[in-house]
Amino acid sequence: MYAFDIERPTTLADAVKLLAASDEHQALGGGQTLIPTLKQRLAMPETLVSLTAIDELKGICQDDAGRICIGAATTHDEVVKGAGDYPGLAALAGQIGDPAVRNRGTIGGSLANNDPSACYPAAALGSGATIVTNKREIAADDYFQGMFTTALDEGEIITEVKFPVPQKAAYMKFEQPASRFALVGAFVAQYADGVRVAITGASEEGVFRWSEAEAALGANFSPDAIEDLTLSGDGMIADLHGSGDYRANLVAVMTKRAVAAAG
Amino acid sequence: MPQVNMTVNGKPASGDVEGRTLLVEFLRDSLNLTGTHVGCDTSQCGACVVHVNGKAVKACTMFAAEAEGTEVLTIEGVAAPDGTLDPVQDAFHQHHGLQCGFCTPGMVMSAKALLAENPKPTEAEVRDYLEGNICRCTGYHNIVKAIMAASGQDVETIAAE
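Protein chains in written order, with the UniProt record's numbering: chain A, 1 to 263; chain V, 1 to 161.
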């Protein structure tokens, strides 16, 4: 790692100030992605502003609209144990990494990074969640803007994520066994006003909604409804773990399994 | 260099660290607690698992500065002060839960974290919890058996594979 300083502010206001002080300052969540990145010398911040000492960014509650609101510095393990009112979301959090990783990694860190194979982007997009920052509220449909790219401005910090609770939901992940990231993951959620299907791990554009499957499942929420749907392998991630066509096929398979699991 | 202060194995510990100093480096190089191992240094293998405020974490993927004010437990703090082994350590001994021993500190720390939240895990739950702990000798069977035994369960019924 290149040398850098670490600041550990205890209030959001101080964190915002520290990040605004220089464009060489970078936010540090649980570090489960950023620390490996730093070890590979792929990032060279002057100062890391750790967000893990800020109590106002932690915790899970329910708002007046019934949405599950999760503080950005809440760990995956805390979501597993504390988001029981949205079982599909708690189950997804329990599939991220391994127990020790889930004790450090945070929802805000995962969404800010927007790894194309991460699990949380599928939950946020598949739930039509709202990403709250120190400046504004961003709908998930506007937030994810491609691989490792989001609507966040420089120095903008995610403070909270609000998830509308669906009637039913499930996430099915075909795990890349070495990294434990999703080779393909499908998050399916049925709401009163329609079905949302979000796919992670597959596209070169990062997480995306599979609109044809949403329409078919909206009319008939059953694996049979999407039996004949296929996706093109064009634009899918192709690497030594699987070709674009392989991933495209997995999208359909995992979506069907997610629908079956949601029941 | 800034100073970091924490409690390690029940005793106050402090030292000067760089921002980039990992918790595992502070434990091993500054405190000479070399029982916590560095296997892969990429948060895959789990040889560096310690507890921070009671939670299992990979000490190679956390900065020492982030442990400011916390209670850290390493493998050195697991046995009683008179040397009596912790039930998990004793079970690893009794059931030959180690071969070369390199992964063992992390295995024991993960096992203790599992049993703290799930005192009677099933075999499947043990294997699932150890997802992030790799034994390159592939001695998983006896590791699982030892953890089941440490939880007070009958392990004679677990078939050898």
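Where is the CB? At the ideal position from N, CA and C, for every residue including glycine.
Where does residue i fall in DSSP's three states?
i	result
Leu22 (chain V)	strand
Thr150 (chain A)	strand
Lys256 (chain A)	helix
Leu115 (chain V)	helix
Pro12 (chain V)	strand
residue 227 (chain V)	Since the first residue of chain V shown is 1 and the last is 161, residue 227 (chain V) is not available in this structure.
Ile147 (chain V)	helix
Ala93 (chain A)	helix
Leu98 (chain V)	coil
Cys137 (chain V)	coil
Lys58 (chain V)	strand
Ile54 (chain A)	coil
Gly71 (chain A)	strand
Leu48 (chain A)	strand
Met6 (chain V)	strand
Alpha helix (DSSP H) containing residue i: first to last residue?
i	result
Gly109 (chain A)	107 to 113
Ala100 (chain A)	99 to 102
Val80 (chain A)	76 to 82
Asp90 (chain V)	87 to 94
Leu31 (chain V)	Careful: Leu31 (chain V) lies outside any alpha helix (DSSP H) and carries neither H nor E.
Gly126 (chain A)	120 to 126
Ile158 (chain V)	It is not in any alpha helix (DSSP H) - Ile158 (chain V) carries neither H nor E in the DSSP assignment.
Thr37 (chain A)	34 to 39
Can you check whether the CB of residue j is closer than 8 angstroms to the CB of residue i?
i	j	result
Lys58 (chain V)	His95 (chain V)	no
Gly97 (chain V)	Ile143 (chain V)	yes
Leu92 (chain A)	Ala139 (chain A)	no
His25 (chain A)	Leu19 (chain A)	yes
Thr21 (chain V)	Val72 (chain V)	no
Gly146 (chain A)	Gly201 (chain A)	no
Ala169 (chain A)	Ala189 (chain A)	yes
Asn113 (chain A)	Thr149 (chain A)	no
Ser127 (chain A)	Pro166 (chain A)	yes
Val78 (chain V)	Cys48 (chain V)	no
Gly244 (chain A)	Ala252 (chain A)	no
Val161 (chain A)	Ala129 (chain A)	yes
Met254 (chain A)	Phe174 (chain A)	yes
Pro223 (chain A)	Val197 (chain A)	no
Thr159 (chain A)	Leu48 (chain A)	no
Ala52 (chain V)	Met109 (chain V)	According to the sequence as given, residue 52 (chain V) is Val; it is not Ala. Cβ distance not < 8 angstroms, so Val52 (chain V) and Met109 (chain V) don't count as in contact.
residue 266 (chain A)	Gly194 (chain A)	Here chain A has residues from 1 to 263 only, and residue 266 (chain A) is not among them.
Ala73 (chain A)	Gly29 (chain A)	yes
Ala43 (chain A)	Met172 (chain A)	no
Would you give the residue range spanned by the beta strand (DSSP E) that residue i belongs to?
i	result
Asp5 (chain A)	5 to 7
Lys135 (chain A)	That residue, Lys135 (chain A), is in no beta strand (DSSP E); it is neither H nor E in DSSP.
Leu28 (chain A)	25 to 28
Leu73 (chain V)	71 to 73
Does at least one heavy atom of the ligand HEM sit under 7 angstroms from the Cβ of residue i?
i	result
Asp224 (chain A)	Inclusion of the ligand HEM in the displayed structure is not the case, the ligand content being empty and no account of it being possible.
Anything in the stretch 25 to 36 of chain A with a Cβ closer than 7 angstroms to a Cβ of chain V? List those residues in chain order, please.
Listed by position, the residues of the stretch 25 to 36 of chain A near chain V (Cβ gap below 7 angstroms) are Gly31, Gln32, Ile35, Pro36.
Beta carbons nearer than 9 angstroms to chain V: which residues of the stretch 199 to 217 of chain A have them?
Under the 9 angstroms Cβ criterion, the stretch 199 to 217 of chain A contributes no residue.
Name, going along the chain, the residues of the stretch 76 to 98 of chain A whose beta-carbon falls closer than 8 angstroms to a beta-carbon of chain V.
Cβ contacts with chain V come from Asp77, Gly97, Asp98.
Within the stretch 140 to 191 of chain A, ranges of the alpha helix (DSSP H) (whole runs, at least 4 residues)
Taking 4 residues as the minimum length, the alpha helix (DSSP H) runs contained wholly in the stretch 140 to 191 of chain A are 140 to 143, in order along the chain.
Going along the stretch 47 to 77 of chain V in order, which residues come within less than 7 angstroms of chain A, judged by CB to CB distance?
The stretch 47 to 77 of chain V vs chain A, Cβ under 7 angstroms: Val49, Lys55, Ala56, Val57, Lys58, Thr61, Met62, Phe63, Ala65, Glu66, Glu68.
Which residue spans inside the stretch 180 to 250 of chain A form an unbroken alpha helix (DSSP H) run of at least 4?
Counting only runs of 4 or more, we get 211 to 219.
Beta carbons nearer than 7 angstroms to chain V: which residues of the stretch 43 to 67 of chain A have them?
Within the stretch 43 to 67 of chain A, the residues whose Cβ lies closer than 7 angstroms to some Cβ of chain V are Leu48, Ser50, Thr52, listed in chain order.
Counting only Cβ-Cβ distances shorter than 8 angstroms, please list the residues of the stretch 27 to 40 of chain V near chain A, keeping chain order.
Near chain A, meaning a CB-to-CB distance below 8 angstroms, no residue of the stretch 27 to 40 of chain V qualifies.
Closer than 7 angstroms, Cβ to any Cβ of chain A: which residues of the stretch 118 to 150 of chain V, in chain order?
For the stretch 118 to 150 of chain V, which is checked against every Cβ of chain A, the residues closer than 7 angstroms are Tyr129, Glu131, Gly132.
Identify each residue in the stretch 133 to 155 of chain A for which the Cβ-Cβ distance to at least one residue of chain V is less than 8 angstroms, and report them in chain order.
Cβ contacts with chain V: none found.
Residues, ordered as in the chain, of the stretch 90 to 122 of chain V that lie near chain A by beta-carbon distance below 8 angstroms
Correct list: Ser110, Ala113, Leu114.
Could you list the residues in the stretch 1 to 17 of chain A with a C-beta less than 7 angstroms from some C-beta on chain V, going in chain order?
Correct list: Met1, Ala3, Phe4, Asp5, Ile6, Arg8.
What residues from the stretch 250 to 262 of chain A come within 9 angstroms of chain V, judged by C-beta to C-beta, listed N to C?
Correct list: empty, as no residue qualifies.
If contact means a Cβ-Cβ distance below 8 angstroms, which residues of the stretch 97 to 113 of chain A contact chain V?
Listed by position along the chain: Gly97, Asp98, Pro99, Ala100, Val101, Asn103, Arg104.
Short-range partners of chain A found in the stretch 1 to 24 of chain V, where Cβ spacing is below 7 angstroms:
If you check each beta-carbon in the stretch 1 to 24 of chain V against every beta-carbon of chain A, the ones closer than 7 angstroms belong to Glu18, Gly19, Arg20.
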